[in-house]
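Residue numbers (our numbering): 48 to 181. All C-beta atoms, glycine included, are put in the ideal place defined by N, C-alpha and C. One structure below.
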Amino acid sequence: MSDHSAERTTIVQPGGAPLTYTILVRGFAAAVAIAGRADRPMVRFDLTLTVTHPGPGFPDDIAAVMSYEDIVEDLRRLCAESAVPGPDYLADRAADLCLTHAKVRRVAVEVTVPSAAADGAASGASLTRAQPGA
């Protein structure tokens, strides 16, 4: 397929905001080395990304849209870090990684870390970030 990105223009909504769509990444889980814990708990990530729409007539081509696989690869690299301070760090870094992608306008991140005790409560963090002007 040919890439017509040079011919594409951003669609704007009334008021001038770019048209967007939503990507959901739900239930991504990976073992994480959390500082102070002997185990490597399976940490869960749930993300909601608001992404710039590529415009009318965009080709059915992964290069024209934001791929959730790019985000999943970023999360895998994040989870491979050693001595992670905790869920707030993971949420903060996940948001930062998502916003490095030019098409991502806004991201909401939820991170859940199961308790080290079998009957303990999970801990977590949740945050929302946006590109400046988004």
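Of all the CB atoms in chain D, is at least one closer than 8 Å to the CB of residue i?
| i | result |
| --- | --- |
| ARG73 | Here there is only one protein chain, and chain D is not present. |
Excluding the 5 residues flanking residue i on each side, which residues of the same chain have their C-beta closer than 7 Å to its C-beta?
| i | result |
| --- | --- |
| ALA142 | VAL154, VAL156, LEU174, ARG176 |
| VAL151 | LEU96, VAL98, MET113, CYS145 |
| ARG84 | ALA163 |
| TYR68 | VAL98, HIS100 |
| ARG140 | LEU125 |
| ASP86 | ALA163 |
Would you say residue i and residue j are within 8 Å of each other, going by their C-beta atoms?
| i | j | result |
| --- | --- | --- |
| THR159 | ARG73 | no |
| ALA138 | ALA172 | yes |
| TYR136 | ILE70 | no |
Using a Cβ-Cβ cutoff of less than 8 Å, which residues in the same chain neighbour residue i once the five nearest sequence positions on both sides are dropped?
| i | result |
| --- | --- |
| ALA82 | ALA130, VAL131, PRO132, GLY133 |
| VAL119 | VAL72, PHE75 |
Our contact map puts residue i next to residue j with C-beta atoms below 8 Å; I'd like the distance itself, whole angstroms only.
| i | j | result |
| --- | --- | --- |
| MET89 | ALA77 | 7 Å |
Can you name the residues that DSSP bridges to residue i?
| i | result |
| --- | --- |
| ILE81 | VAL131 |
| GLY171 | THR159 |
Going by beta carbon distance, what residues of the same chain come within less than 6 Å of residue i, once the five residues before and after it are set aside?
| i | result |
| --- | --- |
| SER52 | The pLDDT assigned to SER52 is 41, lower than 50, so where the model puts this residue is not dependable, and the model offers no usable value. |
| PRO161 | PRO88, ALA169 |
| ASP121 | LEU144 |
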